[in-house]
Structure formats: structure tokens, C-alpha cells
Amino acid sequence: MADETSAGAPLLQSPLHDRHVALGAKLAEFGGWSMPLEYPTGVVAEHTAVREAVGVFDVSHLGKVMVTGPGAAAYVDATLSNDLGRIRPGKAQYTLCCDDATGGIVDDLIAYLHDDEHVLLVPNAANSAEVCRRLSAGPPEGVKILDHHTQYAVLAVQGTKSDEVLEAIGFPTGHEYMSFVEAEFQDTGVVVCRTGYTGERGYELIALNEVAGALWDALLAAGAPLGMLPCGLGARDTLRTEMGYPLHGQDITIDVTPNQANLGWAVGWKKDAFWGRAPLMAEKEAGPVRRLRGLVALERGIPRPGMSVSLSPDVPLCEITSGTFSPTLRKGIGMALVPTFVDAEAELGVQIRTRREIFASTRLPFVDTSVRES
């Protein structure tokens, strides 16, 4: 079990850490946290539970940043990429924090709009401090950036039977995709968000650390008759890869723009201001030189990040950014930032150890799911 980062700093622990240990979880470093990679059931069983029934993930490593004060929503709208004016209070929005000079993606995150003076941002664990730093550099008078990274737990209940699990513990369900409502658990407020990173119908629950353990126990007890499994970050990765959801640090980075990552839909192009607007507008007009594409194995190869992608044996193009075995498709799948001069339907080679395996280019996502079902 890892107990410190590669730089020697101690790893942060989820408020559910002891429960993961008791369940026999394999722990690994992720974004400076010690988090469950998989349980004894294994990644494929956990993945299948989410696709066919329901699973619960501890994703407390995710950041929690509250922007408050008069003009808080306007400030978020003027800095992050998406148009916050498109949504109403009680809704959530996928958005990007981009570098103002280059348009590169500092992080992708979810914005939860409570009202004009309260916006909750949920960035990735490794980038939470940087997002806070950039937002704190120039807010208007009265707007505060509050970092609650280690004060709240986030539990993700994901799968076709997620509603039944939440209803069994008295939580509201059935609200719109990308919306949230307030609930109570043990006299403590819990935010019930219709969001997730698996592609299946599901919810993310934001609760104070003090009730996280009891909430986890209640969810597992309610879900047991429905086939619920506790799921680790390994299954979360295979599930999100099947959906073509990018992972920051792999598919998107400070060196990758929204145009290149097919994330132009998360940019408010008509807004007067957001970080990176000028370089992104110029790139959009000229056309990006590369785009994130899906690759599906035509043979038995399983791609992994860093493997070389080529148009022919002597024409290397790029590298796999995300790659895994798809438990749903029963074949290897991956993503790569492929130069745009390559035909969209071209077959590409991936160097897997000593063999060059052939992959077909495909549109994302790799699988159809129930994420948006009402």
C-alpha cells in the first residue's frame, strides 16, 4: 500500500479509508491521495455491476471549491470556458479552466450553480489547488474562493438501479440529468447530484466527512439485494474510457486545447470573455492540427498509454493517451490525439510490445448507455 507520493509527501486519505482497507481494497496513489483501485471482486466484475445493476465509488479525492459573494456566478462565467448563463440554479455544467495565453486545458470540472452568489466547482484532485490559485488571482471585490477539498466526501452511485438504492435510504431521485437537489442524512445536508463519470444513470452525493462512513454503509446495505458492488478507480477508468470521457493528465493536459479534444461544445464561443478565448478562437478558425479519436482493436491487442500509433510501420503519428480492455465490447479500446490530415476512417497501427496491432478509427463513445434517461 502506497503511503506517500513519489515526491515523498504523505498521501491524503479519504474519510472512508478504513472501510476500504476492511473490504480488502487494493490501494494506489491517485492525484496525491490513497484511493481504492479495486476490491477483491476485481475490475471486470465492478465494471459489469455498474453496466448491469449498480455500483458505489468513493471519489472523495475530487476537489470542492466554493465561489461565493456578489457576482460569484458572473466571475466564474468570465473565467471558465462554458456559458454559465445557459443553465439555471439547481443545474450543473461541464466546463474547462483554460490557460489564458495558450488555451491549453488546466483542468476540466463540473460547476454547480446554486445561485448568483454561490457556485460549487468540482475539479480533479491533482489540479484543485491550481484551479484555486488561478481563480484567487483576480476576483472582484466581495467574491471569495473557498477551498473545501478535504472537508467533504463524494460518493458516486452509478448504474441502472441507482434510483432504487437512493430511494431505499430516503433520498430524492428522478431529477434531470446534470441537476442537483438537497437532501438530509442523519440531520446533515447532502447534495444529491445527477452526475457521474461512467456513462450510466447515476448520482454523486456530496456530504460532510462526519457522515460519510455511515452514508457509505447505508448505501451498501440498501444496494446489496440489487447486486451493488463497491467499485474502485480501475473500474471507473474502464467505464469512462468506454464513454470516451477524457482524463486530465492523459487525454487532456495544459498542452491540449478544447478544439483538439473535441470539447468545443463546452466553450461559450459567444461570450465576451473567458480564459484562453483569443488563442482558442484563432485555432478554431484555422482548424486544429490534431483531434482526439477513438481506436478499436481489430485483433487481440490491448492498448496502453504511451504506446506508439502509426499510419504505417515507418510513419509514427502520436501515442495512445488512454487505453484499456473493454469489458463491454470484449476487445481493446483506446484514444489518441491523431493529426487531422489522417482520414477519419483510417486503420492505424499500435505498437504493443513487439507487435504492431491494427486498430480501426471510430467515433466516440465506444458504447451506448443510459446516462441521460429520465
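Using my numbering, the first residue of the sequence shown is number 40, and each one after it goes up by one. Built from N, CA and C at the ideal position, the CB exists for glycine as well.
For residue i, which of helix, strand or coil comes out of DSSP?
{"i": "K200", "result": "coil"}
{"i": "L376", "result": "strand"}
{"i": "G213", "result": "coil"}
{"i": "S175", "result": "helix"}
{"i": "H188", "result": "coil"}
{"i": "P404", "result": "coil"}
{"i": "P75", "result": "strand"}
{"i": "L265", "result": "helix"}
{"i": "R369", "result": "coil"}
{"i": "S347", "result": "strand"}
{"i": "R58", "result": "helix"}
{"i": "K65", "result": "strand"}
{"i": "T393", "result": "coil"}
{"i": "V170", "result": "helix"}
{"i": "E338", "result": "coil"}
{"i": "E386", "result": "strand"}
{"i": "T280", "result": "helix"}
{"i": "L286", "result": "coil"}
{"i": "V354", "result": "strand"}
{"i": "A113", "result": "helix"}
Tell me which same chain residues have a C-beta within less than 7 Å of the C-beta of residue i, skipping the five on either side of it?
{"i": "A375", "result": "R332, L334, V348, C357, E358, I359, T360"}
{"i": "T118", "result": "L174, F313, W314"}
{"i": "V381", "result": "L350, L356"}
{"i": "A222", "result": "F210, P211, V229, V231"}
{"i": "P344", "result": "Q289, I359, T360, S361, G362"}
{"i": "H214", "result": "V220, R233"}
{"i": "Y191", "result": "K103, I245, A246, L247, N248"}
{"i": "T87", "result": "P366"}
Relative to the alpha-carbon of residue i, which residue among the options has its alpha-carbon at the smallest distance?
{"i": "L101", "options": "P327, V295, A246, L319", "result": "A246"}
{"i": "R339", "options": "I391, T367, Y191, G315", "result": "I391"}
{"i": "I341", "options": "F398, A385, W72", "result": "F398"}
{"i": "L319", "options": "L337, G213, N298, W304", "result": "N298"}
{"i": "T296", "options": "E281, T280, A317, D311", "result": "A317"}
{"i": "A300", "options": "T393, V377, E249, L368", "result": "V377"}
{"i": "A61", "options": "D256, G228, P179, T401", "result": "D256"}
{"i": "L403", "options": "E384, R394, T393", "result": "E384"}
{"i": "L185", "options": "V193, T212, H157, F210", "result": "H157"}
{"i": "M267", "options": "G181, T80, T107, A251", "result": "T80"}
{"i": "G273", "options": "P178, G124, S365", "result": "S365"}
{"i": "D9", "options": "R172, D226, Y191", "result": "For the chain, the structure presents residues 40 to 413; residue 9 sits outside this window and is missing."}
{"i": "A325", "options": "T379, R58, Q190", "result": "T379"}
{"i": "E249", "options": "V193, T87, L259", "result": "V193"}
{"i": "A168", "options": "S400, R58, T189, K370", "result": "T189"}
Got a sec? Which residues, its chain only, sit under 8 Å from residue i by beta carbon, not counting five neighbours each side?
{"i": "R127", "result": "L152"}
{"i": "G271", "result": "A64, K65, M74, P75, L76, E77, Y78, V82, E85, F96"}
{"i": "V265", "result": "A quick correction: the sequence has Leu, not Val, at residue 265. So the qualifying residues of the chain are A92, V93, K200, E203, V204."}
{"i": "H187", "result": "K103, V104, M105"}
{"i": "R329", "result": "Q299, C357, L376, V377, P378, T379"}
{"i": "P352", "result": "G388, R395"}
In this structure, what does DSSP give as the bridge partners for residue i?
{"i": "D147", "result": "L135"}
{"i": "C232", "result": "F219, E243"}
{"i": "T107", "result": "H157, K183"}
{"i": "D97", "result": "L194"}
{"i": "I359", "result": "A375"}
{"i": "L152", "result": "K130, V158"}
{"i": "A399", "result": "V335, E386"}
{"i": "T227", "result": "F224"}
{"i": "I208", "result": "Beta-bridge pairing links I208 to no other residue."}
{"i": "I291", "result": "H287"}
Going along the chain, which residues of its own chain have a beta-carbon closer than 6 Å to the beta-carbon of residue i, five neighbours each way excluded?
{"i": "Q197", "result": "V89, G94, G235, T237, E239, G241"}
{"i": "L254", "result": "F224, A246"}
{"i": "T363", "result": "T277, T280"}
{"i": "L160", "result": "V104, L148, A150"}
{"i": "P415", "result": "Residue 415 cannot be examined here, being either before or after the span of the chain that is shown, 40 to 413."}
{"i": "A207", "result": "A261"}
{"i": "L387", "result": "V348, F398"}
{"i": "D294", "result": "G143"}
{"i": "P372", "result": "A small fix is needed here, since residue 372 is Ile in this sequence, not Pro. Cβ within range, chain order: V335, S365, F405."}
{"i": "N121", "result": "Q132, T134, A305, G307"}
Counting Cβ pairs closer than 8 Å, one from the stretch 276-287 and one from the stretch 138-151, do we hit at least three? yes
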